[in-house]
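Here is the structure we will look at.
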Amino acid sequence: MNILLTGGAGYIGSHTALSLIDKGHSVTIIDNLITGNKTLIPTKAKHFNFDIADENSIQKILKENKFDLVMHFAGLTRVDESVKYPKKYELHNFEKSKIFFSLCIKNNLKKIIFSSSAGVYGNNNSNNLIEESELKPINPYAESKYKIENFLISKKDKIDYTILRYFNVAGADKGKRSGLIAKSSSNLIKVLCEVAVNKRKKIIINGDDYETKDGTAIRDFIHVSDIADMHVLAANNLLKNRSSNIYNCGYGSGYSVKEVITEMENILKNKLKVEIGPRRPKDIAVSVANSDKFKKEFNWKPSFNNLSIILSSALSWEKNNS
Ligand SMILES: NC(=O)c1ccc[n+]([C@@H]2O[C@H](COP(=O)([O-])OP(=O)(O)OC[C@H]3O[C@@H](n4cnc5c(N)ncnc54)[C@H](O)[C@@H]3O)[C@@H](O)[C@H]2O)c1
């Protein structure tokens, strides 16, 4: 396959680019490095340092190449920032994606895979979220994903799309070729790794009074390399069949914040400094995917469904990059 991939200097885009290249496919990346890192771009990928809404440059790339399919990862990803600057997220995620997709469609690139988020389910507190569960995004970041999903759905007659709704993506490439690089991340596993390598002093648990087994929030953590492989499976399918679909990307099982901390302490054979803080506004108790649809349709068996593997790979990456 000859794939156009936006956001390939970022965390998930770079892992997916690696997975595609490992399987012999060609990858061209568009990434303006606004939050990405040049070092994450696989050496075998072609990189264009453009904004996805830079119409002239994108038009030129699309005219000069014949891509089979586009994977769109580029975007801003911080929920807290989106609450502070909602218009920024409307512009950078929704408006720019619309411009980009419209150019792709105009240039006959009509097979599309889009990175959506479990955030579209909003306050839907559940340990069994199915793709048909009610959608009610509660922050501007999730709202932007919801609007892009609807934009793609509105073009259904002209395009074939696969929308992938990621749950909590974590871990790093087992060959240490990529991992999460982020300043002041609020991602639990990133924070734990930073505490483990003494980049941070402590981990703050955001609320321990939820109605869960130990009072802390429960999330479905999925290894980034499994997410990457899901894209390759989805791409192969999209090229063979005229179909549009939405899938959850999770393992279908959840771990509480305290369980994740304990597992990391077991790996380190050391206690970490933990403090209990207040709940984050609008945080939910439980968010776990029902991922049966993807498993069934693609005969998918995850390779890294193990919390210890997820944490160890993230920790190795952190150690290598600190
Ligand atoms: N990380 C997660 O847990 C998670 C969960 C759900 C959904 N997602 C979605 O997956 C996608 C990838 O997330 P990530 O964690 O890899 O984020 P990331 O910030 O690591 O990567 C995003 C990349 O997009 C690039 N980019 C942003 N805006 C751009 C623009 N206008 N033009 C060109 N390049 C631009 C950035 O430079 C960066 O390299 C995002 O769309 C995100 O919303 C991520």
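Residue numbering for the sequence shown follows this note's numbering, beginning at 86 and increasing consecutively. Where a beta carbon is used, it is the ideal one built from N, C-alpha and C, also for glycine.
As a quick exercise: from the options, pick the residue whose alpha carbon is nearest that of residue i.
i       : options                            : result
Phe-158 : Lys-386, Leu-400, Pro-387, Ile-312 : Ile-312
Leu-392 : Gly-335, Lys-358, Phe-379, Leu-103 : Gly-335
Thr-162 : Ser-202, Val-371, Asn-212          : Ser-202
Ser-187 : Ile-88, Thr-113, Phe-236, Pro-225  : Phe-236
Leu-277 : Ile-352, Asp-294, Asn-375          : Ile-352
Gly-264 : Leu-89, Met-86, Leu-103, Ile-88    : Leu-103
Lys-230 : Ile-331, Asn-141, Ser-310, Ala-302 : Ile-331
Asp-136 : Thr-297, Asn-192, Ser-182          : Ser-182
Arg-365 : Leu-324, Ala-302, His-100          : Ala-302
Ile-361 : Asp-368, Thr-113, Gly-292, Glu-296 : Gly-292
Lys-129 : Ile-289, Ser-99, Ile-119           : Ser-99
Leu-400 : Lys-380, Ser-376, Ile-346          : Ile-346
Ile-126 : Ile-146, Lys-145, Gly-92, Lys-241  : Gly-92
Glu-228 : Ala-267, Thr-247, Val-164          : Val-164
Ile-248 : Asn-117, Ile-198, Phe-389          : Ile-198
Ser-341 : Lys-232, Phe-389, Thr-297, Arg-327 : Thr-297
Lys-268 : Ile-106, Thr-120, Ile-394, Ala-257 : Thr-120
His-132 : Ile-146, Ala-138, Lys-145, Ile-114 : Ile-114
Ile-307 : Ile-394, Ser-239, Leu-176, Lys-286 : Ile-394
Asp-377 : Glu-348, Lys-275, Lys-367, Gly-337 : Gly-337
Ala-370 : Phe-383, Gly-339, Ile-190, Asn-333 : Gly-339
Val-168 : Asn-384, Asp-368, Leu-396, Lys-108 : Asp-368
Glu-180 : Ser-218, Glu-217, Ala-138          : Ala-138
Trp-385 : Ile-146, Lys-343, Asn-322          : Asn-322
Thr-124 : Tyr-251, Lys-241, Arg-262, Leu-324 : Arg-262
Leu-464 : Ser-328, Ala-319, Lys-275          : Outside the displayed range of the chain (86 to 407) lies residue 464, so it cannot be described from this structure.
Tell me the residue span of the beta strand (DSSP E) that contains residue i.
i       : result
Thr-101 : Where Thr-101 is concerned, there is no enclosing beta strand (DSSP E), although the alpha helix (DSSP H) it sits in stretches over 96-107.
Tyr-246 : 245-251
Glu-279 : Unbroken run through Glu-279 is the alpha helix (DSSP H), 273-281; no beta strand (DSSP E).
Lys-131 : 131-133
Ser-201 : 196-202
Per DSSP, residue i forms a beta bridge with which residues?
i       : result
Tyr-340 : Arg-304
Asn-333 : Arg-250
Ser-211 : Ser-372
Ile-288 : Val-359
Ala-255 : His-308
Thr-113 : Leu-89, Lys-131
Would you give the residue range spanned by the alpha helix (DSSP H) that residue i belongs to?
i       : result
His-316 : 309-325
Glu-382 : 377-383
Phe-152 : It is not in any alpha helix (DSSP H) - Phe-152 carries neither H nor E in the DSSP assignment.
Asn-235 : 225-239
Lys-172 : 171-174
Asp-183 : The question names Asp, yet the displayed sequence has Lys at residue 183. Note, Lys-183: alpha helix (DSSP H), 181-191.
Lys-404 : 392-405
What distance in whole Å lies between the Cβ atoms of residue j and residue i, which are believed to be in contact at a cut-off of 8 angstroms?
i       : j       : result
Tyr-226 : Gly-204 : 6 angstroms
Met-156 : Leu-90  : 5 angstroms
Asn-87  : Asp-153 : 5 angstroms
Ala-374 : Asp-305 : 5 angstroms
Asn-208 : Ile-223 : 6 angstroms
Lys-358 : Val-280 : 7 angstroms
Glu-259 : Ser-407 : For clarity, residue 259 is Lys in the given sequence; the question names Glu instead. Between Ser-407 and Lys-259 the Cβ distance is about 19 angstroms, and since that is not below 8 angstroms, they are no contact.
Lys-195 : Ile-143 : Not confirmed; about 15 angstroms, so no contact.
Val-309 : Ile-97  : 6 angstroms
Lys-356 : Glu-348 : So it is not a contact: roughly 13 angstroms between Cβ atoms.
Ala-257 : Ser-398 : 5 angstroms
Glu-140 : Ile-190 : Going by Cβ atoms, the distance from Glu-140 to Ile-190 rounds to 13 angstroms, so no, they are not a contact pair.
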